[in-house]
Every structure is written in structure tokens, then in C-alpha cells.
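Residue numbers (my numbering): 172 to 415. The beta-carbon is built from N, C-alpha and C at its ideal position, and this holds for glycine as well. Written below as C-alpha cells is the structure these notes are about.
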């Protein structure tokens with residue numbers, strides 16, 4: 172989601188609002204900077220950046236800072252988790268900045284406006300309806316991250332399905348598009364040392380639901396050092412999806 176926000180703002184100049192309920196603004200900026208500069212996040216955090224002429228991290232970071240400083244990305248890492256407060260902030264961003272994409276990390280940390288006690292399913296249903304309302308009112312895409320249930324770990328391979336969305340079927344019902352990311356290298360059912368080199372960075376993006384288009388699988392390359400995704404040479408929804 173962070174890569175989508177960065178690419179959207181940098182390449183298309185569409186204003187992006189990022190409401191982060193989990194990570195701080197500083198953490199997000201560090202990740203975006205390393206992704207944009209193609210620099211190892213670990214090396215930057217540990218102060219082990221290279222200044223060699225053939226591998227100058229400082230030069231790349233400087234260029235990336237210039238690019239990101241001009242990108243219309245607006246990060247809100249306040250403790251605001253109420254759906255109504257988010258709607259108000261999104262409206263303001265659209266009026267003042269022309270908001271074109273809203274990213275929320277992540278849905279299960281949000282709160283509804285009512286008092287549901289222990290009925291989290293109803294509360295999540297209100298939240299997903301609220302997010303859909305924001306998308307329709309402001310006429311923008313809303314990208315909301317979601318946790319998965321532990322049940323996905325019992326599958327072999329542990330490819331997520333719609334039934335694994337945590338806490339409510341309303342997520343599947345209200346979303347126009349549902350996508351899952353799967354990496355064999357992160358699957359506990361596999362030993363990463365035994366995987367061929369071609370699969371260690373392979374990421375499979377499953378489009379499990381698409382209200383107005385096809386479902387299927389897209390292969391991506393994940394660079395763990397720079398925390399970024401890139402398209403593989405061959406991509407597209409040209410492979411049939413598993414049963415979701």
C-alpha cells in the first residue's frame with residue numbers, strides 16, 4: 172500500500188492521503204525514501220550507508236528526497252481511529268489539496284461511532300460501510316489494509332482467501348476489489364534456504380474479487396532491502412485464480 176501511495180503521488184502527481192494507525196510518520200518516510208532511492212532500509216537505519224563512487228547511497232537519497240518533497244503525499248499518523256473523524260479529514264484534504272487517493276493502514280485498528288460492546292463484527296461492518304461512503308462521496312478510491320485470520324496459516328500453501336478476512340464478511344461485501352499478497356519465502360510451510368533463487372523474491376498478487384473486472388494472479392518482484400515492489404517482465408491477469 173505504501174508503494175502504491177508513493178508511485179501514485181510521484182508518477183501521476185495525484186494527491187494521496189495516508190492515514191496510518193500503526194506506523195509513525197517518520198517510519199513511513201524512511202521506507203518511502205529507501206524505496207525511491209533504491210537504498211537498503213537496514214543500512215540507513217544502522218548508519219551504514221555507502222559513499223563509494225560506484226555505490227553512493229547519499230547521492231541517491233539526496234535525489235529521492237528532492238522527488239518526494241515535490242510529491243503530493245499527506246500523512247496523518249495521529250491516534251484518530253474513528254470513521255467519522257477520518258471522513259472529516261478526508262473532506263478537508265479534498266477541498267484543500269484535491270485528494271485523489273486515500274490509503275488507510277489498517278482497518279482493524281479503526282473504530283465505529285457507536286457502542287457495540289463485544290460485537291466487533293457489527294462495528295467492522297459500520298466501518299466498511301463508512302469507507303465505502305467516503306469513496307462515493309468524494310469520488311476517490313479508498314485503499315484499506317486488512318488483517319487476516321489465523322486460519323490462513325493452516326492452509327498449504329498459505330494463500331489467503333476471502334474467508335480469511337478478519338472479523339467480518341462485510342469487508343468482502345463492501346469492497347469493489349479485494350487483493351491478497353502471498354510470498355512463498357514468507358510462508359512458514361517452506362524453508363527459505365531450500366527455495367530456488369527465482370522464488371525468493373517472487374510475490375504473487377491475487378485479485379480475489381473485482382466487481383467490474385477479472386480476477387486472477389499477477390507476479391511481482393519484492394526487494395526486501397528497499398521494501399519495494401516491481402513488475403515482473405511478464406505480468407497481467409493471465410493465470411486463473413484459485414478458488415476464493
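Checklist entry - What runs of the beta strand (DSSP E), each 3 residues or longer, lie entirely inside the segment 204-248? => result Complete beta strand (DSSP E) runs here, min 3: 244-247.
Next on the checklist: Taking its Cβ as the centre, do 16 or more other Cβ atoms sit within 10 Å of residue 228, making it buried, or is it exposed?
Outcome noted: With 16 or more other CB atoms across the displayed protein chains lying within 10 angstroms of its CB, residue 228 is buried.
Checklist entry - Shortest alpha-carbon distance to residue 247 belongs to which of 266, 293, 283 and 198? => result Selected option, being the one with the closest Cα: 198.
Next on the checklist: Quick check on DSSP: helix, strand or coil for residue 350?
Outcome noted: In the structure shown, residue 350 adopts extended strand secondary structure according to DSSP, grouped into three states.
Item to check | Whole-angstrom distance between residue 212 and residue 202, CA atom to CA atom | outcome: Between residue 202 and residue 212, the C-alpha separation is close to 7 Å.
Checklist entry - For residue 175 versus residue 280, is the C-beta spacing smaller than 8 Å? => result Contact flag unset, no.
Next on the checklist: Could you compute how far the alpha carbon of residue 225 sits from the alpha carbon of residue 307?
Outcome noted: Roughly 49 Å between the two C-alpha positions.
Item to check | Rounded C-alpha distance that separates residue 370 from residue 379 | outcome: Distance between the alpha carbons of residue 370 and residue 379: 22 Å.
Next on the checklist: For residue 181, tell me which candidate among 204, 382 and 196 has the shortest Cα-Cα distance.
Outcome noted: When each option's Cα is compared against that of residue 181, the closest is 204.
Item to check | C-alpha gap between residue 293 and residue 264, whole angstroms | outcome: Separation of residue 293 and residue 264 (C-alpha to C-alpha, rounded to the nearest whole angstrom) is 28 Å.
Checklist entry - Hey, would you say residue 317 sits closer than 8 Å to residue 342, going by beta carbons? => result Taking 8 Å as the Cβ cut-off, residue 317 and residue 342 qualify as a contacting pair.
Checklist entry - Under a Cβ-count criterion, where at least 16 other Cβ atoms within 10 Å of its own Cβ denotes burial, should residue 388 be classed as buried or exposed? => result When all chains shown are included, residue 388 counts as buried.
Item to check | Of the residues 391, 384 and 346, the one placed nearest residue 301, counting alpha carbons only | outcome: The residue with the shortest Cα to Cα distance from residue 301 is 346.
Item to check | Same chain, Cβ closer than 6 Å to residue 331, five either side skipped, listed in chain order | outcome: So the list reads 319, 323 and 351, once near-sequence residues are dropped.
Next on the checklist: Counting C-beta neighbours from all protein chains within 10 Å, is the total for residue 364 16 or more, i.e. buried, or is it exposed?
Outcome noted: Under this definition residue 364 is an exposed residue.
Item to check | residue 374 - partner residues in DSSP beta bridges | outcome: BP columns for residue 374 point to 391.
Checklist entry - Does the Cβ of residue 195 have 16 or more other Cβ atoms within 10 Å, making it buried, or fewer, making it exposed? => result So residue 195 counts as exposed.
Checklist entry - Is the beta carbon of residue 270 sitting closer than 8 Å to the one on residue 384? => result Result no, Cβ atoms of residue 270 and residue 384 do not sit closer than 8 Å.
Item to check | Cβ-Cβ separation, residue 394 to residue 362 (assumed contact under 8 Å), whole Å | outcome: Not a contact, Cβ separation roughly 21 Å.
Item to check | Close Cβ partners of residue 255 (< 8 Å) along its chain, the five nearest in sequence each way excluded | outcome: Closer than 8 Å at Cβ, skipping near neighbours: 284 and 301.
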